[in-house]
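Asker: Let me begin by handing over the structure; questions about it come next.
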Amino acid sequence: MTYPLLFPRGECSWNTGMEHVEERRPAKRTHVTQLQYYAYRLSQRNGFSILHSSGKLFQQYIVDAYVKTEGSRLQFLRQNQKDLRIELYRGLLDALECRAHNENIRTGKLIILPSSYQGSPRPMQQNYQDAMAMVRKFDSESKIRTKDDIDKFVSAELPDPCTDLRVFQIVTKCMVHGPCGTINMNSPCMRDGQCCKSFPKQFKDDTEENVNEYPIYRRRATEPVQVGKYSIDNRWVVPYNPWLIKTFNAHINVEVCASVKSVRYLYKYVYKGHNAASVKIQKEGSLDHDEI
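Under the UniProt record's numbering, residue 292 is the last one in the sequence shown; the count climbs by one each step, no gaps.
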């Protein structure tokens, strides 16, 4: 067993023969997929759950579930290339054959990732095309242009609990950074005695625009409030949109990004992943193209 603390009775995990229970309607699939199994496991229900109360062990379980599910998807794509109709990628095939001919080697294996697999080159290219379409449609007049526009959508201050108690509760619970620095030197964001996110910020009476950087949001000097064992003021608030955090009741950092860099932020940023080095083993005399 990998997680004896989470499953002390030795419950079985997912397997390829796991069948659905009490199907309400006829379905083509009679067996539970790996994604369905982990979606069932991770669903929140009434009552106590050992799984959801296990802190970092639960986080590790989610990571393992994701890796196994993605690994199975990639293995399926590798073994079912004919069903993907890779012969339709004629331009890529011609380029590989031309390169192989110039290098006097033969064309080897061709493994394609379809556009339905997020994070692969094809959806990135499609996202780029969508982004360029938006850039053509929305001109400079569509941008957030003034500090009043910024303040309308983004706040970096503690709200008045008398005006909106719900937003105040969410901000103090989800949108306060740290605290770190001299208040808490053991905070995870500390690097060489400094906060890597540059908190606490400086007080600012008015929002200041920056062309190539994030705006400097308004953070007025108000009376601090007690959050847990720390006294917090506006310098520690992560920028947010009141409507979004009230709707989703979660940490949602909102930033104003109105330059052409917004395209990169929207698409590439969410798929960038961790820093990594790729190692490829290439058979001599053969040109392989493996996108997995």
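Glycine included, C-beta positions come from ideal geometry on N, C-alpha and C.
In this text, all values refer to a predicted model and were calculated from it rather than measured experimentally.
Does the beta-carbon distance from Ile-292 to Ile-111 come in below 9 Å?
Answerer: In contact: Ile-292 and Ile-111 (Cβ atoms closer than 9 Å).
Asker: Give the DSSP bridge partners of Cys-195, in chain order.
Answerer: Its beta-bridge partners are Met-190.
Asker: What does a CB cutoff of less than 7 Å around Ala-250 pick up in its chain, not counting 5 residues either side in sequence?
Answerer: Once the five neighbours on either side are set aside, the close Cβ partners of Ala-250 are Cys-174.
Asker: Please report how far the alpha carbon of Thr-146 lies from the alpha carbon of Glu-209, in whole angstroms.
Answerer: If you take the alpha carbons of Thr-146 and Glu-209, they lie about 8 Å apart.
Asker: Could you compute how far the alpha carbon of Gly-91 sits from the alpha carbon of Glu-141?
Answerer: Their backbone Cα atoms lie some 39 Å apart in a straight line.
Asker: Is DSSP giving Glu-291 helix, strand or coil here?
Answerer: Of the three classes helix, strand and coil, the one that applies to Glu-291 here is coil, per DSSP.
Asker: Lys-204 bridges to which residues according to DSSP?
Answerer: Answer by DSSP bridge pairing, in chain order: Arg-219.
Asker: Using alpha carbons as the reference points, say which of Thr-69, Val-225, Ala-131, Asp-164 lies closest to Gln-34.
Answerer: Gln-34 has its Cα closest to that of Thr-69, out of Thr-69, Val-225, Ala-131, Asp-164.
Asker: Can you check which of these residues, Asn-212, Gln-202, Ile-245, is closest to Thr-222 by C-alpha distance?
Answerer: Thr-222 has its Cα closest to that of Gln-202, out of Asn-212, Gln-202, Ile-245.
Asker: From the DSSP output, read off the bridge partner residues of residue 293.
Answerer: Lying outside 1 to 292, the shown extent of the chain, residue 293 is not represented and no answer is given.
Asker: How long is the line joining the alpha carbons of Lys-152 and Gln-226, rounded to whole angstroms?
Answerer: So the alpha carbons of these two residues sit roughly 27 Å apart.
Asker: Closest by CA to Leu-6, which one among Ser-49, His-20, Arg-29, Ser-43?
Answerer: Comparing Cα positions, the closest option is Ser-49.
Asker: If we ignore side chains and look at the alpha-carbon of each, how far apart do Asn-212 and Arg-99 end up?
Answerer: When rounded, the distance between both Cα atoms is 40 Å.
Asker: Could you name the residues that DSSP lists as bridge partners for residue 362?
Answerer: Given that the chain is displayed from residue 1 to residue 292, the structure contains no residue 362 and the question cannot be resolved.
Asker: Go ahead and pull the three-state DSSP assignment for His-31.
Answerer: In this structure, His-31 counts as strand in the three-state DSSP scheme.
Asker: Just grab the DSSP bridge partners of Val-176 for me.
Answerer: Paired residue(s): Val-237.
Asker: Within the continuous alpha helix (DSSP H) that includes Asn-127, where are the two ends?
Answerer: Its alpha helix (DSSP H) spans residues 121-137.
Asker: Can you look up Ser-155 in the DSSP assignment and give me helix, strand or coil?
Answerer: Of the three classes helix, strand and coil, the one that applies to Ser-155 here is strand, per DSSP.
Asker: Checking 9 Å against the spacing of the C-beta atoms, do Ala-156 and Tyr-240 come in under that value?
Answerer: Yes, they are a contact pair.
Asker: Distance, Cα to Cα, Asn-186 vs Phe-248?
Answerer: Using only the alpha carbons, I get a separation of about 30 Å.
Asker: When you compare only the Cα positions, how much space is there between Gln-129 and Lys-137?
Answerer: Near 12 Å, if we compare the C-alpha coordinates of Lys-137 and Gln-129.
Asker: State the DSSP-derived secondary structure class of Glu-11, mapped to helix, strand or coil.
Answerer: Of the three classes helix, strand and coil, the one that applies to Glu-11 here is coil, per DSSP.
Asker: For Ile-62, count the other beta carbons within 10 Å of its own beta carbon; 16 or more makes it buried, fewer makes it exposed. Which is it?
Answerer: Exposed, by the Cβ-count rule.
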